[in-house]
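Sequential numbering of the sequence shown, starting at 1, is according to the UniProt record's numbering. Ideal Cβ positions, reconstructed from N, Cα and C, are used throughout, including at glycine.
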Amino acid sequence: MDKGGSRPNWDSPMQFVLACVSYAVGLGNVWRFPYLCQMHGGGGFMIPYLFMLLVEGVPLFCLELAIGQKMRLGSIGAWTAISPYLGGVGLASVMASLYLCLYYNIINGWSFWYLFHSFQSELPWAECPLNANLTGPLEECEKATATQYFFYRETLNISSSIEENGGVHTGQALCLLLAWIVTYLFIVRGVKSTGKVVYFTATFPYVVLIIYLIRGVTLHGAINGVKYMFTPKMEQLANPTTWINAATQIFFSLGLGFGSLIAFASYNEYNNNFERQAVIVSFINSGTSIFASIVTFAIYGFKATVNYENCLERVRLLLLNAFNLAEDTINMDNIFEWMERLNQTHPQQFAELDLGNCDLTQELDKAVEGPGLAFIVYSEAIKNMPLSQLWSVLYFFMLLLLGMGSMLGNITAITTPLRDFKIFSSVSVEVLNGLVCLFCMLLGLGFTTTSGNYWFTMFNDYGATFSLLFVVLIEVITVSYIYGIKRFEKDIEDMIGHRPNWYWKIMWAGISPILLIALFIFYIANYIMGGTPTYMAWNKDLGTSEVTPYPVFGQVFIVLLLASSVSCVPLTALYAYCRKRKRSHHKRQPTVSTLSA
């Protein structure tokens with residue numbers, strides 16, 4: 001447990017804080033948190049979210065920083081130092097980070113793709129392409145909308161199911177290669193490179209978000225989205241899923257369990273005040289989620305209002321044509337009065353019209369999660385803005401920086417534990433980082449195939465969720481009840497000059513483990529009761545996604561994903577136990593001289 005020595009350090013505590021912010025503040029702040037707000041009652045979701053931040057997020061964040069700073073090792077070495085039987089906890093973290101690296105950088109590849117396509121006189125997702133006869137828009141695109149078509153068919157070239165594979169999308173493969181080259185350049189010299197890069201990756205996204213906030217709130221209908229976000233549906237507080245999703249969002253947005261925080265903290269000075277930094281970074285991360293949601297809902301309100309008014313305009317034209325009215329008779333202000341009047345005076349003719357249902361609240365209620373929000377909803381809103389190319393470049397450049405900032409932590413979570421092994425200690429930082437990036441890139445090419453997005457969804461849903469809950473649960477139980485809370489207190493006092501107060505101890509020894517056990521049980525029960533796992537398969541004929549069960553090979557692969565990292569913990573403990581028994585056996589064996597005597 002080196003208190004200094006040859007291990008490299010951050011140039012300053014500020015570098016460490018920015019690295020943690022860059023890692024923790026990622027794409028989930030921009031797309032998943034707004035989605036959860038929308039799904040669970042807008043402003044009402046803030047109550048369970050902030051509660052979970054205090055009882056789960058901050059304490060566990062602080063715990064991982066303390067472990068890394070004390071042991072000055074990566075996740076595998078740190079947990080092995082606590083107990084040889086716990087090395088599998090670190091190994092499970094490395095596996096989870098590896099799975100994340102395999103698919104996470106494809107999102108950065110998509111960001112590059114959209115960024116490059118933003119430098120055109122007309123954004124390519126603004127209008128549908130022409131059909132083969134050049135006589136009109138492509139039918140599939142008309143059914144899907146131009147933005148959905150561009151994402152699913154131009155960007156992904158998606159197949160109709162996970163069982164259909166039409167080969168690698170060359171454009172996406174090149175974008176993925178570029179994403180990995182940039183990632184490597186950012187981490188080429190380890191912490192020395194990362195420490196310089198984070199000044200930009202941690203701060204520039206906030207510049208873009210501020211610019212977008214100013215632009216967003218001035219858009220037509222933006223206030224509708226902001227009001228929707230902050231209008232609480234308090235009945236959602238009685239929904240257990242609301243609290244579980246709030247806990248899960250805090251858990252994953254802070255990046256707990258991946259080993260990245262332990263790796264980052266291992267490069268701190270031994271007496272660095274990690275306690276204060278844990279509180280700062282945790283609240284910056286959650287504050288960013290709320291801030292980004294205001295921006296997102298402003299944009300979302302604009303999009304919903306445009307769709308609503310387009311619907312009303314279609315109805316207006318239908319009424320004018322059906323009843324031979326003058327052009328200026330019906331407008332947006334009196335359209336509902338005219339609909340009521342015409343329904344009373346010409347009920348049969350009115351009923352025959354296909355007017356549909358124009359409802360602003362329904363437009364705002366359309367919840368979109370994941371890449372759909374980042375690459376479809378935002379794209380649709382951007383295309384309707386003046387100077388749309390400028391806003392598109394700014395937005396996708398921001399997404400790229402958010403993604404790259406998180407990748408720095410993910411790669412560090414893999415390379416730092418590897419360098420703690422003797423076999424890799426003689427390999428230069430540049431070579432080891434390059435080999436890890438090359439390995440991940442080659443495996444990641446599978447996500448650029450026509451069925452790659454379905455595998456991306458599988459890794460996103462099952463690659464880390466279950467294992468991280470398990471890992472962090474073992475971590476907090478180990479620190480509190482195996483390593484011992486009293487001993488842990490003394491370690492903290494040795495580092496920062498005082499023992500943790502009652503808040504930290506109650507959380508570590510009581511509330512956090514109970515909460516994690518509840519989440520763990522909920523996840524298992526939800527998986528078992530959920531039936532056959534499903535994914536959203538693209539239907540080319542309908543121009544939309546449909547719920548589809550995974551085939552048998554997909555279900556088997558899901559089980560392997562779930563088991564592969566979790567099994568590291570018991571298997572490593574068994575290996576350590578066998579080694580100990582073997583050594584004890586050799587010590588008890590009589591020597592040759594003893595037998596001769």
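Here residue 538 is bridged, per DSSP, to 545. Rounded to the nearest angstrom, the gap between the Cα atoms of residue 219 and residue 311 is 19 Å. DSSP places residue 55 within a helical segment (H, G or I) once states are collapsed to three. Cβ atoms of residue 566 and residue 263 stay farther apart than 8 Å, at about 21 Å. Here residue 295 really is in contact with residue 216; their C-beta atoms are around 5 Å apart, less than 8 Å.
For residue 218, the secondary structure class from DSSP, reduced to helix, strand or coil, is coil. Listed as beta-bridge partners of residue 129 by DSSP are no residues whatsoever.
Here the C-alpha atom of residue 240 lies approximately 32 Å from the C-alpha atom of residue 407. For the 8 Å CB-CB criterion, residue 420 and residue 130 do not form a contact.
If you draw a straight line from the Cα of residue 136 to the Cα of residue 149, it comes to about 15 Å. Between the region 283-294 and the region 29-49 there are three or more C-beta pairs closer than 8 Å, enough to call the two in contact. DSSP, reduced to helix, strand and coil, places residue 449 within a strand of the structure shown. The alpha-carbon separation between residue 67 and residue 525 amounts to approximately 31 Å. Per DSSP, residue 236 lies in no alpha helix (DSSP H) and is assigned neither H nor E.
For residue 120, there is no enclosing alpha helix (DSSP H), as DSSP marks it with neither H nor E. With contacts defined by Cβ atoms closer than 8 Å, residue 512 and residue 48 do not form a contacting pair. A residue is called buried when at least 16 other Cβ atoms come within 10 angstroms of its Cβ; residue 316 meets this threshold and is buried. If you keep only unbroken beta strand (DSSP E) runs of at least 3 residues inside the region 394-447, you get nothing at all.
The beta carbons of residue 87 and residue 464 sit no closer together than 8 Å. Nearest in C-alpha terms to residue 545, of all of 162, 50, 559 and 94, is 162. In the displayed model, residue 25 falls within coil according to three-state DSSP, outside both helix and strand.
In the DSSP annotation of this structure, the continuous segment of the alpha helix (DSSP H) that includes residue 141 starts and ends at 139-144. Take residue 44, set aside five residues on each side of it, and the residues of its chain with a beta-carbon closer than 7 Å to its own are 232, 233, 234, 236 and 237, in chain order. Taking each of 487, 548, 472 and 453 in turn and checking the Cα distance to residue 166, the smallest one comes out for 453.
Distance from the CA atom of residue 63 to the CA atom of residue 247, rounded to whole angstroms, is 17 Å.
A direct Cα-Cα distance of roughly 38 Å separates residue 483 from residue 200. For residue 306, the enclosing alpha helix (DSSP H) stretches over residues 274-322.
In this chain, the alpha helix (DSSP H) harbouring residue 513 covers 512-529. Proximity to residue 76 across 573, 41, 326 and 459 peaks at 573, based on C-alpha coordinates.
In the three-state scheme derived from DSSP, where H, G and I count as helix and E and B as strand, residue 188 is classed as coil.
Nearest to residue 98 by alpha-carbon distance, out of 436, 396 and 134, is 436.
By the neighbour-count definition (other C-beta atoms within 10 Å, threshold 16), residue 56 is a buried residue. Residue 168 is bridged by DSSP to 449. Each of 344, 442, 30 and 554 was checked against the Cα of residue 289, and the nearest Cα belongs to 30. Per DSSP, the unbroken alpha helix (DSSP H) holding residue 363 starts and ends at 360-365.
For residue 307, the number of other beta carbons within 10 angstroms of its own is at least 16, and it is reported as buried.
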